[in-house]
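A.B. asks: From first to last, the protein sequence lines are chains A and B.
Heads up: take any position in the first sequence, counting from 1, add 16, and you land on the working numbering.
Heads up: take any position in the second sequence, counting from 1, add 16, and you land on the working numbering.
All C-beta atoms in this analysis are idealised placements derived from N, C-alpha and C, irrespective of residue type, glycine included.
Everything numeric in this text was worked out from a predicted model, so none of it was measured.
Just dropping this structure here.
Number of protein chains: 2
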Amino acid sequence: MASLNMLGEKEIIRIIQEELDIMPDLIMGLSDDVSAINMNGKVAILKTDMLVGKTDVPPGMSLRQAARKAVIMNISDFAAKGASPLVMLASLGLPKELKERDVREIAAGLNEGAREYGIYIIGGDTNESSDLIINCSLFGFCDRKHLISRRGARPGDILAVTGEFGKTSAGLRILLEGLSAPQEIKSALINAVLLPRARLNEGLALSRIGGVTSSIDSSDGLAWSLYELSDASNVGFIVDYVPLAEEAVKFAGIHNFDPIDLGLYGGEEYELVVTIKPQFWKAAKRAVSKAGGSLIKIGTAIKEKKVELRIGGEKRPIERRGWEHFSG
Amino acid sequence: MASLNMLGEKEIIRIIQEELDIMPDLIMGLSDDVSAINMNGKVAILKTDMLVGKTDVPPGMSLRQAARKAVIMNISDFAAKGASPLVMLASLGLPKELKERDVREIAAGLNEGAREYGIYIIGGDTNESSDLIINCSLFGFCDRKHLISRRGARPGDILAVTGEFGKTSAGLRILLEGLSAPQEIKSALINAVLLPRARLNEGLALSRIGGVTSSIDSSDGLAWSLYELSDASNVGFIVDYVPLAEEAVKFAGIHNFDPIDLGLYGGEEYELVVTIKPQFWKAAKRAVSKAGGSLIKIGTAIKEKKVELRIGGEKRPIERRGWEHFSG
């Protein structure tokens, strides 16, 4: 019988779903980024996400940064769904070698991440464990009409993202593989990994305009997110532009990487990837800009279920890969 | 600087609390068993609890039972506070050696525990980790006036519990230390550990009568729970009766244990420990009986902050001990 490192995360989730009774009248559940239940008109939104030290904390990331990241991971999923976070619970599994100051750093990082997005940590649990485990559970609200699933993309919709890609990909190569980078770009690349930001203002703004048909964050990489939207919405995508951070392009040049690959097959990035009805495009751009961000068109949803790159006359399939638990 | 195995769980929680901003108008937070926030008159209740394989799963407990127990741990805290659970999220940390059938067992155990108490698991997360980690986060509601904290006990209140003690203590000694027990009591003792039940009906019934002044479950043992209530309410307790399960008394006789010690210093038990205003005692007993349980008077709250046993003329202090993470 297959053990977990052969199954992959998606298959594990499928097995779990098979064993669970499905709640009647559930609005959103295990197959989307958050769970949503109806509460007298309003929708209550819940999300839990576990950070495991050995897989989610690259070398060079402090405990404070790891704890902050555990918060950001959850906030980002709320951002993608258009839900306002309110309060968070944090469960900790702490290796017994940790010191008092380590616990303080973890708590301070949790608080820092929460307060950046206006929420509070109001409860939790602590345990001894072999790995560092930081499990955050986020709770908040949404108007039913503002909640954006992964499923609504239709052929013809505009595919857009909230920022440039490639920095975390480069940063991870520096942190994990020890690749070099000149001083003037190194800290930008590393900080993209160590100090991620969730696009909460952008996500909330997008959810209010009414024409966003599907949304996800890019925490598993842009390519992976496109396949998730493609599967959930049963559409394909033509990508005709991959916005790349200047520092990532420089890094790619130095190491002879394809910069577009850096942008597509990253991870640990928290940009939003959304589809928008064309007639709402201007309103969406304006709303995100007003929220302090930018919305960049990268392609179009198509009927045929494929994910393809078309840049400068060149045409090639985008691969379904990105970072996944249990796969390595 | 102290490492965690010298600090103890209470001290770790204190350190964490120091680093967290406190949410204004929070109804219940890190110093109680659940978190509670005001939501237009109603109160939203949140709780997260992590089960770690190596500390929370005794030998002999199946994965299915461990997962079910992870649910019960959370339900029991809702029961103690008088809150109705509604939905649950489950985050899993799975060692990579696990097989597909193990994942199925875990999911089935989660579902079993949830459905026993009428709730559904609506979301979660899976990760690879060294230990087995099952983190459940429970969400539900309560009327503000029904929510029972740890803080309200006053001198003169009746101290009561919802069942007998000692079975889990004996069961853990069989499972962990290999002690023997005759066949006719062995399975009752072991099953008390492997298949715990939360006193949800009893807790909800008690919360509705209005005279319950404080409440906690006995998951860390009866003695420990008494000290928690004593600290939070700033009262002491005289315990004049420790209700013991027949099987526990037999087990104590065989191994020359003090049966009362078995009852006091256990853990993994999910009886409720409550204080009740004397004029509400009859109503409380009736309400719990109607809910299918029983309420047993074990003592009285007193002004002096001590926890003392007074049985048959004998007087001795109850020790502040019980099972605690990081302490061993």
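What does residue 150 (chain A) pair with, by DSSP beta-bridge criteria?
C.D. replies: The partner list for residue 150 (chain A) (beta bridge, DSSP) reads A:67 and A:108.
A.B. asks: Using a threshold of 8 Å, state whether the C-beta atoms of residue 64 (chain A) and residue 108 (chain A) are closer than that.
C.D. replies: no
A.B. asks: If distances are taken between C-alpha atoms only, which option among B:37, B:145 and B:158 comes closest to residue 53 (chain B)?
C.D. replies: B:158
A.B. asks: How is the beta strand (DSSP E) around residue 278 (chain A) delimited, first residue to last?
C.D. replies: That residue, residue 278 (chain A), is in no beta strand (DSSP E); its alpha helix (DSSP H) goes 275 to 280.
A.B. asks: Where are the alpha helix (DSSP H) runs, 4 residues long or more, that stay fully inside the segment 203 to 236 of chain A, in chain order?
C.D. replies: 216 to 225
A.B. asks: Who are the neighbours of residue 42 (chain A) on chain B, taking C-beta pairs under 9 Å?
C.D. replies: 103, 136 and 138
A.B. asks: Counting along the chain, where does the beta strand (DSSP E) carrying residue 175 (chain B) start and finish?
C.D. replies: 174 to 177
A.B. asks: Could you tell me which chain A residues have their CB closer than 7 Å to the CB of residue 141 (chain B), listed as they occur along the chain?
C.D. replies: 64, 65 and 66
A.B. asks: Can you pull the chain B residues whose beta carbon is under 9 Å from the beta carbon of residue 109 (chain A), in chain order?
C.D. replies: 66, 68, 109, 145, 147, 149 and 151
A.B. asks: Would you list, in chain order, the members of the segment 71 to 99 of chain A that have their beta-carbon closer than 9 Å to a beta-carbon of chain B?
C.D. replies: 71 and 72
A.B. asks: Between the segment 250 to 263 of chain B and the segment 310 to 322 of chain B, can you find at least three pairs of beta-carbon atoms closer than 8 Å?
C.D. replies: Touching, per the Cβ criterion.
A.B. asks: Name, please, each residue of chain B whose Cβ falls closer than 7 Å to the Cβ of residue 19 (chain A).
C.D. replies: 112, 113, 114 and 115
A.B. asks: When DSSP builds the beta bridges, which residues end up paired with residue 333 (chain A)?
C.D. replies: A:324
A.B. asks: Does the Cβ of residue 294 (chain B) have 16 or more other Cβ atoms within 10 Å, making it buried, or fewer, making it exposed?
C.D. replies: That one is exposed.
A.B. asks: Buried or exposed: which applies to residue 60 (chain B), given that a residue is buried once 16 or more other Cβ atoms fall within 10 Å of its Cβ?
C.D. replies: buried
A.B. asks: For residue 253 (chain A), write down the residues that DSSP places opposite it in a beta bridge.
C.D. replies: A:317 and A:323
A.B. asks: Is DSSP giving residue 44 (chain A) helix, strand or coil here?
C.D. replies: Annotated three-state conformation of residue 44 (chain A) is strand, per DSSP.
A.B. asks: Taking residue 38 (chain A) as the reference, which of B:310, B:306 and B:103 has the closest Cα?
C.D. replies: B:103
A.B. asks: Within the chosen definition, does the segment 236 to 245 of chain B reach the segment 106 to 126 of chain B through at least 3 CB pairs nearer than 8 Å?
C.D. replies: In short, these stretches do not touch, since the Cβ pair count stays below three.
A.B. asks: Does chain A have any CB closer than 8 Å to the CB of residue 160 (chain B)?
C.D. replies: no
A.B. asks: For my contact list, residue 50 (chain A) and residue 97 (chain A) are in at a C-beta cut-off of 8 Å; report their separation, rounded to the angstrom.
C.D. replies: 5 Å
A.B. asks: Quick one: which residues of the segment 46 to 63 of chain A get their C-beta closer than 8 Å to a C-beta of chain B? List them in chain order.
C.D. replies: 46, 50, 51, 53, 60, 62 and 63
A.B. asks: Against chain B, which members of the segment 322 to 338 of chain A pass a CB distance test of less than 9 Å?
C.D. replies: When C-beta distances to chain B are compared with 9 Å, every residue of the segment 322 to 338 of chain A stays at or above that value.
A.B. asks: Can you find the residues in the same chain that come closer than 6 Å, C-beta to C-beta, to residue 266 (chain A), ignoring five residues on each side of it along the sequence?
C.D. replies: 201
A.B. asks: Going along chain C in order, which residues have a C-beta closer than 9 Å to the C-beta of residue 120 (chain A)?
C.D. replies: Absent here is chain C; the protein component of the structure consists of chains A and B.
A.B. asks: Among all the DSSP beta bridges, which residues are the ones paired with residue 32 (chain A)?
C.D. replies: Beta-bridge pairing links residue 32 (chain A) to no other residue.
A.B. asks: If we define contact as Cβ-Cβ less than 8 Å, is residue 131 (chain A) a contact residue for chain B?
C.D. replies: yes
A.B. asks: I'd like to know whether the C-beta atoms of residue 227 (chain B) and residue 288 (chain B) end up nearer to each other than 8 Å.
C.D. replies: no
A.B. asks: Using DSSP bridges, identify the partner residues of residue 144 (chain B).
C.D. replies: B:110
A.B. asks: Please name the residue or residues paired with residue 19 (chain A) in a DSSP beta bridge.
C.D. replies: B:115
A.B. asks: Taking CB distances under 8 Å as the criterion, tell me whether residue 25 (chain B) reaches chain A.
C.D. replies: Yes - at least one Cβ of chain A is within 8 Å of the one on residue 25 (chain B).
A.B. asks: Residue 92 (chain A) lies in the beta strand (DSSP E); which residues open and close that run?
C.D. replies: From DSSP, residue 92 (chain A) is part of no beta strand (DSSP E) but of the alpha helix (DSSP H) over 79 to 97.
A.B. asks: So is residue 155 (chain B) in contact with chain A if we call contact Cβ pairs under 8 Å?
C.D. replies: yes
A.B. asks: Identify every residue that forms a DSSP beta bridge with residue 296 (chain A).
C.D. replies: None; residue 296 (chain A) has no bridge partner.
A.B. asks: For a contact defined as C-beta to C-beta under 8 Å, what are the partners of residue 176 (chain B) on chain A?
C.D. replies: Going along chain A, no residue has its Cβ under 8 Å from residue 176 (chain B), so there is no contact; the nearest lies around 26 Å.
A.B. asks: Sort out for me which residues DSSP pairs residue 54 (chain B) with in a bridge.
C.D. replies: DSSP output for residue 54 (chain B) lists B:59 as bridge partner(s).
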